[in-house]
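Right, one structure below, let's go through it.
2 protein chains.
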Amino acid sequence: MKAEDFQAAIKQFEDAVGKEWVFATDEDVELYRDSYSPLWGEAEEPIPSAAVAPDGVEQVQAVVRIANQYKIPVWTISTGKNLGYGGSAPLLGGSVVLDLKRMNRVLEVNEKNHYALLEPGVSYFDLYRYIQDHGLRVWIDPPDPGWGSPMGNSLERGGGYTPMHDHYDAVCGMEVVLPSGEVMRTGMGALPAAKTWQQYKYGFGPYVQGMFSQSSLGIVTKIGIWLFPEPEAYVSGTVMVWKRDDVVPLVEGFANLVSSGVFRGTTTLASPVWFGFGLPDAELDPIRASGSVKDLEDYAARKKVPYWSLPLFFYGPQKVVAAQWEYAKEKFSSLAGVEFQEGASYHFPLSKEERAKVTDPVQIGIPSLQIFGLLPPQSQGHIGFSPIVPMDGKALIDALTVFQGVHQELGAGRAVLTILSSFPRAFVLIDLFPVERDVEKNRKMREIYRRLVKEAAAHGWGEYRTHTTFMQDISNTYSYNNHALRRFHETVKDAVDPNGILSPGKCGIWPKRMRKAESGKA
Amino acid sequence: MKAEDFQAAIKQFEDAVGKEWVFATDEDVELYRDSYSPLWGEAEEPIPSAAVAPDGVEQVQAVVRIANQYKIPVWTISTGKNLGYGGSAPLLGGSVVLDLKRMNRVLEVNEKNHYALLEPGVSYFDLYRYIQDHGLRVWIDPPDPGWGSPMGNSLERGGGYTPMHDHYDAVCGMEVVLPSGEVMRTGMGALPAAKTWQQYKYGFGPYVQGMFSQSSLGIVTKIGIWLFPEPEAYVSGTVMVWKRDDVVPLVEGFANLVSSGVFRGTTTLASPVWFGFGLPDAELDPIRASGSVKDLEDYAARKKVPYWSLPLFFYGPQKVVAAQWEYAKEKFSSLAGVEFQEGASYHFPLSKEERAKVTDPVQIGIPSLQIFGLLPPQSQGHIGFSPIVPMDGKALIDALTVFQGVHQELGAGRAVLTILSSFPRAFVLIDLFPVERDVEKNRKMREIYRRLVKEAAAHGWGEYRTHTTFMQDISNTYSYNNHALRRFHETVKDAVDPNGILSPGKCGIWPKRMRKAESGKA
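One line per chain: the protein sequences are A and B, in this order.
Using numbering that gives the first Met the number 0, you'd call the opening residue of the first sequence number 0 and step up by one each time.
Using numbering that gives the first Met the number 0, you'd call the opening residue of the second sequence number 0 and step up by one each time.
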């Protein structure tokens with residue numbers, strides 16, 4: 000792109016959104032770098048050319064039209080807090096960041112039908128505060144940490160903890176600025192006088208909403224999100240078992256609770272002896288390194304550290320949640336040696352004093368940053384390798400063993416693997432890697448990450464989401480029938496965004512004019 | 000299309016699927032007419048030119064390629080039982096019906112992760128029988144009647160009764176033959192060695208699945224459907240109130256039960272005095288005709304016929320469902336004069352004797368045809384006008400009043416309106432019309448239907464699904480920003496199906512070559 004064209008485009012952006020909302024100096028642009036980029040400081044690190052922050056739908060439309068005129072790639076962010084996945088930086092260096100942080104209005108919170116209509120820049124903290132200020136008895140479902148936006152997290156298909164934990168699933172109705180600059184409303188929003196835009200998802204004809212998740216097909220400017228009615232009560236407890244293979248009946252029972260809707264939320268199935276976080280343990284570390292199941296089981300029995308622990312929690316009427324936890328205990332009581340530990344329980348609404356004492360705020364819909372306290376002190380940031388694995392104990396042992404093997408083979412030390420039930424009928428396994436400002440360490444980390452992606456794909460486990468650095472790698476694994484799905488995406492992309500201006504390369508989908516250079520790049 | 004080209008195409012279809020599976024005589028084609036077409040016997044009734052019944056994915060691909068070669072419109076059906084919505088007949092006369100009834104294999108039923116992988120021609124009865132024969136403890140969720148297919152019903156976004164009642168929502172993973180003839184797998188199925196195709200919906204990148212519901216973008220040849228684990232117990236009961244405006248707190252409480260997940264299923268909020276089915280009542284009919292709320296309330300009080308009745312039912316562990324029903328009764332006990340009636344309750348599995356005594360089989364996942372017994376004896380068939388209205392008592396009174404007004408204004412007699420909770424956070428209102436083999440009566444019915452569509456749209460209520468005869472009318476109401484959503488669909492349609500062969504006109508979306516003639520047709 001010629002410098003004078005770029006300058007002309009910047010001038011037009013300034014006319015569209017106001018001079019103070021276009022950021023094009025090196026100092027400005029520095030703020031949009033991804034602080035936790037696995038490519039930090041390398042030639043390949045994608046640095047934006049500028050950022051533009053519109054304050055409304057019309058300004059977004061104007062920006063898109065200018066981008067079309069100059070064929071400038073635009074990368075959209077809501078609050079830019081998608082850390083670990085690229086933060087506020089684009090995938091393609093030189094893109095203009097479309098920063099929607101100024102569009103931060105809570106347009107509606109409906110307490111009787113339990114939904115919110117939000118602009119992109121509303122954060123979980125903003126929405127929580129709005130609900131508290133208005134005394135509304137609905138819950139949000141913050142992820143951890145809670146500084147991002149409900150819109151961004153839902154569109155990226157992130158997860159929280161309460162019954163509304165599957166964030167994309169809670170989306171109902173969108174307003175989208177298409178690459179043409181036109182505004183479209185999905186679902187019932189396509190009715191001009193719509194009364195149920197945030198209450199019925201599908202509308203009439205093909206259901207398009209999903210095409211705007213993990214997507215480069217449009218810029219979502221309004222989103223409906225379903226909320227959870229403040230429940231009467233919360234009870235929690237933990238199921239603990241002591242042998243490795245106890246995970247098979249444990250997960251079978253858990254899958255039944257999930258599929259039947261008795262358990263609804265994101266829990267962490269942990270193996271404290273096999274994969275636990277924690278300080279170095281002179282006795283345990285060599286056993287873990289040896290990989291002896293029997294020795295780990297002996298340790299578990301001797302130290303009373305469970306081989307597997309599964310926290311459960313229930314939200315609803317007091318008598319219902321009590322019955323649910325009681326039922327779960329009955330159900331798991333057939334497991335040899337099983338033990339149960341009672342956890343926190345609450346009645347809602349909490350008083351101010353009670354709220355101050357809560358140690359697990361995200362569990363009850365209160366956004367928080369306290370997860371940062373759990374990370375190792377030297378950590379600068381992290382990114383996660385996060386494959387979807389079956390909700391099945393044997394499959395889980397396989398996957399954990401395979402990933403641990405990759406770590407050891409590549410001299411990466413032991414993995415700390417987390418198993419989450421963020422989605423209804425499968426587990427997502429998280430393998431966290433530190434990201435440092437050290438080119439050599441990052442290079443090594445990328446090598447391990449890419450090896451894990453390939454190893455997972457060979458076993459039939461695919462990632463649900465990733466950092467921009469690895470989007471192409473992961474897209475490459477979803478290759479059934481010579482990449483039929485990606486080619487379908489490319490066909491739609493070319494039709495809807497013929498100039499290829501929106502988020503080129505996102506999730507491995509490149510516009511036609513860049514495809515030759517990029518397709519198959521890994 | 001030239002007759003010799005058509006004959007050449009038929010010959011090629013015969014080569015692809017076998018001579019005995021191509022139906023092109025008048026006698027054959029007669030069987031594919033819609034027995035309940037609102038256009039029966041009129042010049043506009045869409046009669047297919049032929050039908051082709053492939054027995055596998057490769058044969059479907061071959062048929063699609065031949066259709067492309069000759070630009071023959073193809074209309075896909077699974078079992079062809081989509082009665083009330085067009086049955087086995089196409090929207091566009093002269094289309095070739097692609098009849099997938101031979102592809103009726105149950106490919107997998109997984110009892111531990113609770114899903115089925117099915118071909119298009121598997122009916123609810125087939126799947127139920129398979130599960131019974133294999134002694135699997137999972138439930139299907141049949142609609143009423145249950146002779147259609149899980150695939151067809153889910154793709155058309157139909158509903159059942161149990162917790163898995165939102166059928167599109169239970170879909171996880173598809174195999175699709177695209178208009179190009181290529182096979183694509185969605186979600187995790189795009190991983191060649193996929194382990195969670197039926198366990199995790201979204202895959203990586205834009206989530207495409209919805210684009211193949213109520214759609215003409217592809218032919219779904221395999222579908223994953225989530226099942227419900229056989230619960231321990233079922234309890235049911237009915238909440239009854241006596242004044243018209245009691246519906247406001249009644250629905251507010253119900254919306255809370257639904258949004259919080261305490262109630263999960265499709266219930267019918269009935270108004271026996273205002274809208275009930277039943278034989279003529281010399282006292283009630285004039286009151287209904289007068290529209291006097293006070294007189295209706297007096298009748299309700301005097302005859303002990305509730306103004307509103309709301310059946311509730313709960314599926315799960317015995318102690319949990321007991322607590323849920325108890326909680327619901329407590330919750331509604333603040334309504335003046337409320338009464339509760341206990342309903343059926345079951346423990347599962349049922350013995351053969353118990354099963355024989357069940358009077359409400361679809362409530363507990365048993366497919367049935369007994370709904371036909373509820374229709375008036377002279378009925379030949381029916382179609383439904385089915386707008387989505389807010390889950391809100393005041394909105395409901397508005398909608399019922401408006402629709403009743405249209406009936407009366409157009410001399411159509413009293414409407415029998417049904418209010419269903421088929422979807423999580425809104426009601427679907429059903430206004431059933433008889434379809435007869437009488438041109439004049441059908442003409443009148445179409446006039447009323449079209450007036451209802453317009454009246455509903457003016458109030459912000461849109462239909463969720465309709466008969467082929469009315470798809471264009473309904474599409475025309477989803478017109479926000481000069482039909483931005485339909486134009487998006489058309490852009491995608493033209494890109495994916497450039498010859499416009501698949502289901503032209505479905506849900507108002509026409510391929511480019513037919514668009515000029517058809518767009519805006521109402």
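A virtual CB, placed ideally from N, CA and C, is assigned to each residue, including glycine.
> Going along the chain, which residues of the segment 154–178 of chain B sit with their C-beta nearer than 8 Å to a C-beta in chain A?
Replying inline: R156, P162, Y167, C171 and L177
> Who are the Cβ neighbours of B/V495 in its own chain at under 7 Å, not counting the five residues just before and after it?
Replying inline: L177, P178 and L216
>> Does the CB of B/L216 have a neighbour CB from chain A at under 8 Å?
In response: yes
> When burial is assigned at 16 or more other CB atoms within 10 Å of the CB, is A/K520 buried or exposed?
Replying inline: Note on A/K520: pLDDT 44, under 50, position unreliable in the model; the coordinate value appears next. Answer is exposed; the Cβ neighbour count stays below 16.
> chain A beta carbons: is any one of them nearer than 8 Å to that of B/P56?
Replying inline: The sequence as given places Val at residue 56 of chain B; Pro does not occur at that position. So, not an interface residue.
> Can you tell me whether DSSP reads A/S367 as helix, strand or coil?
Replying inline: coil
>> Which complete alpha helix (DSSP H) runs does the segment 420–480 of chain B hold, if anything under 4 residues is left out?
In response: 438–458 and 470–476
> Grouping DSSP H, G and I as helix and E and B as strand, with all else coil, what is A/H113?
Replying inline: coil
> Taking Cβ-Cβ distances shorter than 7 Å, what residues in chain A pair up with B/T220?
Replying inline: Result: empty, since nearest Cβ-Cβ is about 13 Å, beyond 7 Å.
> Which residue's Cα is closest to the Cα of A/F426: A/E408, A/G392, A/V261 and A/A456?
Replying inline: A/G392
> Residues of chain B with CB under 7 Å from A/E341, in chain order?
Replying inline: Near A/E341 there are no residues of chain B at all, since even the closest Cβ is about 18 Å away, more than 7 Å.
>> Please report the distance separating the alpha-carbon of A/S537 from that of B/G92.
In response: In the structure as shown, chain A starts at 0 and stops at 521, and residue 537 of chain A therefore has no counterpart that could be examined.
>> For a test of the three-state rule: what should DSSP assign to A/S122, helix, strand or coil?
In response: coil
> Using the C-alpha atoms, what's the distance from A/E231 back to A/L256?
Replying inline: 21 Å
>> Which complete beta strand (DSSP E) runs does the segment 151–180 of chain A hold, if anything under 3 residues is left out?
In response: 170–176
> Is it right to say A/H133 is buried, meaning 16 or more other beta carbons lie within 10 angstroms of its own, or is it exposed?
Replying inline: exposed
> Exposed or buried, which one is B/R485 when buried takes at least 16 other CB atoms within 10 Å?
Replying inline: buried
> Would A/P143 be called buried (16 or more neighbouring beta carbons within 10 Å of its own) or exposed?
Replying inline: The question names Pro, but residue 143 of chain A in the sequence shown is Asp. With 16 or more other Cβ atoms within 10 Å, it is buried.
>> Strictly below 9 Å CB to CB, what residues from chain B border A/L116?
In response: By Cβ distance, chain B contributes nothing, its closest Cβ being about 14 Å from A/L116, past 9 Å.
> Within 10 angstroms of its Cβ, does B/Q197 collect 16 or more other Cβ (buried), or is it exposed?
Replying inline: buried
> Residues of chain A with a CB under 9 Å from the CB of B/M390: which are they?
Replying inline: K111, N112, T195 and Q198
>> So that I know if they touch, is there some Cβ in chain A lying closer than 8 Å to that of B/S333?
In response: no
> What residues in the segment 26–46 of chain A bring their beta carbon closer than 7 Å to a beta carbon of chain B?
Replying inline: none
>> Run through chain A and tell me which residues come within less than 9 Å of B/W225, C-beta to C-beta.
In response: S258, P423 and R424
>> For B/L334, count the other beta carbons within 10 Å of its own beta carbon; 16 or more makes it buried, fewer makes it exposed. Which is it?
In response: buried
> Should B/P348 go down as buried or exposed, given a rule of 16 or more other Cβ atoms within 10 Å for buried?
Replying inline: exposed
>> Quick check on the DSSP output: the beta strand (DSSP E) that includes B/A414 runs from which residue to which?
In response: Where B/A414 is concerned, there is no enclosing beta strand (DSSP E), given that its DSSP letter is neither H nor E.
> On the premise that B/P503 lies in contact with B/P497, defined as a C-beta separation below 8 Å, what is that separation, rounded to the nearest angstrom?
Replying inline: 13 Å between Cβ atoms; not a contact.
> Going by beta carbon distance, what residues of the same chain come within less than 6 Å of A/I429, once the five residues before and after it are set aside?
Replying inline: G383, S385 and T417
> Which residues in the same chain have their Cβ closer than 6 Å to the Cβ of A/M0, if we skip the five residues on either side of it in sequence?
Replying inline: none
> Pick from A/S474, A/P47, A/D140 and A/T468: whose alpha carbon is nearest that of A/W460?
Replying inline: A/S474
>> Give me the chain A residues within the contact set of B/W460, using Cβ-Cβ distance strictly less than 7 Å, ordered along the chain.
In response: K194
> Near B/R266, what residues of its chain come up, given a Cβ to Cβ distance below 6 Å and the 5 sequence neighbours on each side ignored?
Replying inline: According to the sequence as given, residue 266 of chain B is Thr; it is not Arg. Result list for B/T266: P310 and S420, in chain order.
> Considering only C-alpha positions, which residue in the set B/V63, B/F227 and B/A88 is nearest to B/D27?
Replying inline: B/A88
> Is A/K10 close to chain B, meaning its C-beta is less than 8 Å from at least one C-beta of that chain?
Replying inline: no
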